[in-house]
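Number of protein chains: 2
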Amino acid sequence: MSDPTRLTVAVLGGTGPQGRGLARRWAAAGVPVVIGSRSAERAEQTAALLAEATRGRITGATNADAAAGADLVVVAVPWDGHAALLTELAPVLEGKVVVDCVNPLGFDAQGAYALPVVEGSAAQQAAGILTGSTVVAAFHHLSAALLEDPAIERFDTDVLVLGEDRAATDLVQDLAAAIPGVRGVYGGRLRNAHQVEALTANLISVNRRYKAHAGVRVTDI
Amino acid sequence: MSDPTRLTVAVLGGTGPQGRGLARRWAAAGVPVVIGSRSAERAEQTAALLAEATRGRITGATNADAAAGADLVVVAVPWDGHAALLTELAPVLEGKVVVDCVNPLGFDAQGAYALPVVEGSAAQQAAGILTGSTVVAAFHHLSAALLEDPAIERFDTDVLVLGEDRAATDLVQDLAAAIPGVRGVYGGRLRNAHQVEALTANLISVNRRYKAHAGVRVTDI
């Protein structure tokens, strides 16, 4: 098992709830984290807000600077700007493990639904753009509300980790396991990422019906 | 909570492993089950093989006769013949709850993958054909190997139940809960069925990696 605290992790879109929540949990677990944002100032402000909870292990930078300085880069940007940002950062991301946790979802009066993605999934879109990077899909189902809630100390959920490269998926499973209670579970190749991303729409339906912050555990493993 | 033992359940395609396994478990729980098949003789043979384990609560018939005599009809046929069978049986299925548990998957050297479905999902295809029935999607992730294994007495898994009609999804949740250890969890509308069906491909990847019969539990509910 690798030691994720020896990595520097960049979280692109780290000023949004999902990215901010992941950054907080990793930094609290001892992982040095750089929050990336379009605006360095906004990223630094978010890092400052989290400084106390994370013993100063979070800094802020532009998405490009955050990516450049990291060993592993987590993409937690809105689906809207996903392709444009990755295209812009492709040279900086070369040679790195890039973890896509973007859920292409639409919302209407009936709740959430999966948006069609030409490439199949956000992760496959990322892999098509970042041909010099190793793309992994993970962290789709972790509730941002729980990640950001300081009262929550342990999570009861697995993180499905998908990708083609065993060393990279193993590493990301370890990064998942750095969050207390979370287990990283290999979940298949990127061609099967769409349904993992889209399942977030079902979890939103579950949350609405049961007044919960639903997660997923894989049984019998 | 309704009492599923007061229903007669037909399992179309009940001579295949998934249908046979579900039929066995429901009958063992006290639910009268009719196994349907293209051939009445094959259906009766399968019912006879299961008679001892299920105290004779299983009978066999053609798919059409099984459907005609049932209150609730489970569709567990191969994806290949799905549209044709439902089109043929649409008049018989009118007014009934039809539970689709079909996973449109392809297989190659790299494992399983989700097949594209013009209607979005097998369940939506069923709903488009069976305009006089109430279609529910459920029972996608239960391992046929475990369902058929007489040594397994309890399951550690949830069944996601999707549909538009609350009474019907409630009923199917109860039918899921008739299998020991299983919980039926509402999982959203049929427009979000694709990813639930397709997730079976990921569970097959999990099974291969971890030598398991993986299932899914929803947490925080």
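Chains A and B, in that order, are what the protein sequence lines are.
All residue numbers for the first sequence refer to my numbering, where the first residue is 8 and numbers rise by one.
All residue numbers for the second sequence refer to my numbering, where the first residue is 8 and numbers rise by one.
All residues carry an ideal CB built from backbone N, CA and C; glycine is no exception.
As the structure is a computational prediction, the values presented were derived from the model and not from experiment.
The closest CA to that of A/A91, considering only A/D227, A/Q132, A/R196, is found on A/Q132.
For the pair B/A200 and B/A121, the CB atoms are not nearer than the 8 Å cut-off.
Looking only at B/E51, B/D165, B/R64, the smallest Cα-Cα distance to A/G222 is reached by B/D165.
Interface annotation, B/D163: in contact with chain A, CB-CB separation under 8 Å. In chain order, T141 place their CB closer than 7 Å to the CB of B/D172, counting only its own chain and leaving out the 5 sequence neighbours on each side. The contact set of A/D10 on chain B, defined by CB atoms closer than 8 Å, is empty, because the minimum CB distance reaches about 22 Å.
Looking at the DSSP output, A/I42 bridges to A/V18, A/G67.
Taking CB atoms only, B/S212 has a neighbour in chain A less than 8 Å away. The C-beta of B/V125 has fewer than 16 other C-beta atoms within 10 Å across all chains shown, which makes the residue exposed.
Non-local beta-carbon contacts of A/G118 in its own chain, meaning distances under 8 Å to residues more than five positions away in sequence, involve A208, I211, S212, R215 in chain order.
Listed in chain order, the non-local C-beta contacts of A/L153 below 7 Å within the same chain comprise I159, F162, H220, local neighbours out to five positions each way being set aside. For B/I228, at least one C-beta of chain A is nearer than 8 Å to its own C-beta.
The three-state secondary structure of B/L122, taken from DSSP, is coil.
Here B/D115 is exposed: its Cβ has fewer than 16 other Cβ atoms, across all protein chains shown, within 10 Å. For the alpha helix (DSSP H) assignment, the uninterrupted runs of no fewer than 4 residues enclosed by the stretch 101-179 of chain A are, from N- to C-terminal side, 129-136, 151-154.
Using a 10 angstroms sphere on the CB of B/K103, the tally of other CB atoms reaches 16 or more, which defines it as buried. Take the alpha-carbon of A/A205 and the one of A/L112: they are about 7 Å apart. B/R190 is bridged by DSSP to B/D165. Rounded to the nearest angstrom, the gap between the Cα atoms of B/L79 and B/D181 is 12 Å.
Only those residues of the stretch 164-195 of chain B whose C-beta falls short of 9 Å from the nearest C-beta of chain A are listed: T164, D165, L167, L169, V192, Y193, G194, G195. Contact with chain B is absent for A/H147, since none of that chain's Cβ atoms lies less than 8 Å from the residue's Cβ. With respect to the 8 Å criterion, B/A58 and B/P157 are not classified as neighbours on the basis of their beta carbons. Contacts with chain A at 8 Å (Cβ-Cβ) include B/L206. By the criterion of a C-beta distance shorter than 7 Å, A/K218 is surrounded by no residue of its chain, once the five residues flanking it on both sides are discounted. In this structure, the beta-carbon distance from A/V18 to A/I42 falls below 8 Å. Cβ contact annotation for A/G37 (same chain, cutoff 6 Å, sequence separation greater than five): T12, in chain order.
If you ignore the 5 residues before and after B/T22, its C-beta comes within less than 7 Å of the C-beta of I42, S44, R49, A50, T53, all in its own chain and listed in chain order.
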